[in-house]
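Note that the sequence shown ends on residue 236 in numbering that gives the first Met the number 0; no numbers are left out.
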Amino acid sequence: MNLFRNPVLVEGYPILIRHNANTGLEISLDVMAKLANTRKISLFGGKILIKGFSTILVPTRRHLGFIFWHRVFNTDGSYLSFTDASVKKCLKDYPKDLAVSELEGSRHILGWCSNANNLTGSADANYKIGWSGLMQPRAGCAFEKVSIVGGMFITAEVSCLLGKKDKPIHIRSRDDYIMRLKWIAQKFVVLYDTQERRAWLVDGVSALLHLVRASLKHDQGDPFSSLFLYNESLLQE
Numbered sequence: 000m001n002l003f004r005n006p007v008l009v010e011g012y013p014i015l016i017r018h019n020a021n022t023g024l025e026i027s028l029d030v031m032a033k034l035a036n037t038r039k040i041s042l043f044g045g046k047i048l049i050k051g052f053s054t055i056l057v058p059t060r061r062h063l064g065f066i067f068w069h070r071v072f073n074t075d076g077s078y079l080s081f082t083d084a085s086v087k088k089c090l091k092d093y094p095k096d097l098a099v100s101e102l103e104g105s106r107h108i109l110g111w112c113s114n115a116n117n118l119t120g121s122a123d124a125n126y127k128i129g130w131s132g133l134m135q136p137r138a139g140c141a142f143e144k145v146s147i148v149g150g151m152f153i154t155a156e157v158s159c160l161l162g163k164k165d166k167p168i169h170i171r172s173r174d175d176y177i178m179r180l181k182w183i184a185q186k187f188v189v190l191y192d193t194q195e196r197r198a199w200l201v202d203g204v205s206a207l208l209h210l211v212r213a214s215l216k217h218d219q220g221d222p223f224s225s226l227f228l229y230n231e232s233l234l235q236e
């Protein structure tokens, strides 16, 4: 949408129910006006518009308490006139009899992006991650009347191997990896940038992959990098 300089989209974030899917970004009227760099509602030819210097927001639809807007702008930041051809084209879909009084009580949807990229865990993500400033975690974690402590490894005196016929039905051969990935895929993780004070809500598998690739990036530059065997060019996305 070119509405933000560096937009970040997340999957699974809870939002209010909509009657129409794939309609765009729900945003409050005041924030939408600020993104257009204006504080006023404009009337042009009897139609309600939100106009900034190089941006105009045009209502294109009204349905079940929602008002849908389309954003028209000049990419070079130059002045955009009410009479611009791109604005006139959007006005063909202007909702009939839309009143200013409806704006405050309605929910507002701006734009729609049908193709977005999730960079979490991808080769194009930024892995220059430094120390967050948090204290090192302890082995145990204490709650009120509850204590959770890291488990101990079981040391075997003899080696053994379970045959397929000896395993219970509920223990599958893929429990150690695939089943755990399926489980973590249903969980969500918040990645927080302490410097920019921004957070991203991502699925567990993407978060795990992101941490693995970040660790590999750090290993490439440490004093033992000569022992590093990972070759990024051999990785198939």
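Note that the Cβ used here is the ideal one computed from N, Cα and C, for glycine as well.
CB of residue i within 8 Å of CB of residue j, strictly
i: L42; j: I49; result: no
i: I108; j: L24; result: yes
i: L200; j: V30; result: no
i: H69; j: G110; result: yes
i: D92; j: R60; result: yes
i: L15; j: L102; result: no
i: F67; j: P58; result: yes
Rounded C-alpha distance that separates residue i from residue j
i: N125; j: M134; result: 24 Å
i: D83; j: T54; result: 11 Å
i: P94; j: R179; result: 50 Å
i: S232; j: K216; result: 13 Å
i: R196; j: G45; result: 42 Å
i: D75; j: N36; result: 15 Å
i: V211; j: A122; result: 11 Å
i: L207; j: D221; result: 21 Å
i: S100; j: K87; result: 23 Å
i: N19; j: L90; result: 22 Å
i: S26; j: S225; result: First, the residue type needs correcting, since residue 26 is Ile and not Ser in the sequence shown. Approximately 51 Å, taken between the alpha carbons.
i: P13; j: T22; result: 16 Å
i: I168; j: K181; result: Its pLDDT being 48, under 50, I168 is placed unreliably in this model, and the value from its coordinates should be taken loosely. If I take the Cα positions, the gap works out to 18 Å.
i: G242; j: A98; result: Residue coverage of the chain in this structure runs from 0 to 236, which leaves residue 242 outside it and unanswerable.
i: I47; j: A32; result: 13 Å
i: Q185; j: I40; result: 43 Å
Anticipated Cβ contact below 8 Å, residue i with residue j, distance rounded
i: F187; j: G11; result: 6 Å
i: I177; j: G203; result: No, I177 and G203 are not in contact; Cβ-Cβ is about 14 Å, not under 8 Å.
i: Q219; j: F227; result: 6 Å
Other residues of its chain near residue i: CB distance less than 7 Å, five sequence neighbours each side excluded
i: A213; result: Y126 and I128
i: T193; result: S131 and G132
i: S85; result: V71
i: Y229; result: L215
i: S205; result: N117, T119 and G120
i: S105; result: G64, F65 and I66
Close Cβ partners of residue i (< 6 Å) along its chain, the five nearest in sequence each way excluded
i: N73; result: S53 and L79
i: V189; result: A198 and L200
i: Y191; result: A198
i: R17; result: none
i: F81; result: F43
i: H209; result: T119 and G120
Chain-order list of residues whose beta-carbon lies under 8 Å from that of residue i (same chain, five-residue window excluded)
i: S77; result: S53
i: R38; result: A32
Residue ranges of each alpha helix (DSSP H) within the segment 66 to 96, 4 or longer: 84 to 90
Segments of 3+ residues assigned as beta strand (DSSP E) that fall wholly inside the segment 12 to 44: 41 to 43
Whole alpha helix (DSSP H) elements within the segment 200 to 229, 4-residue minimum: 203 to 219
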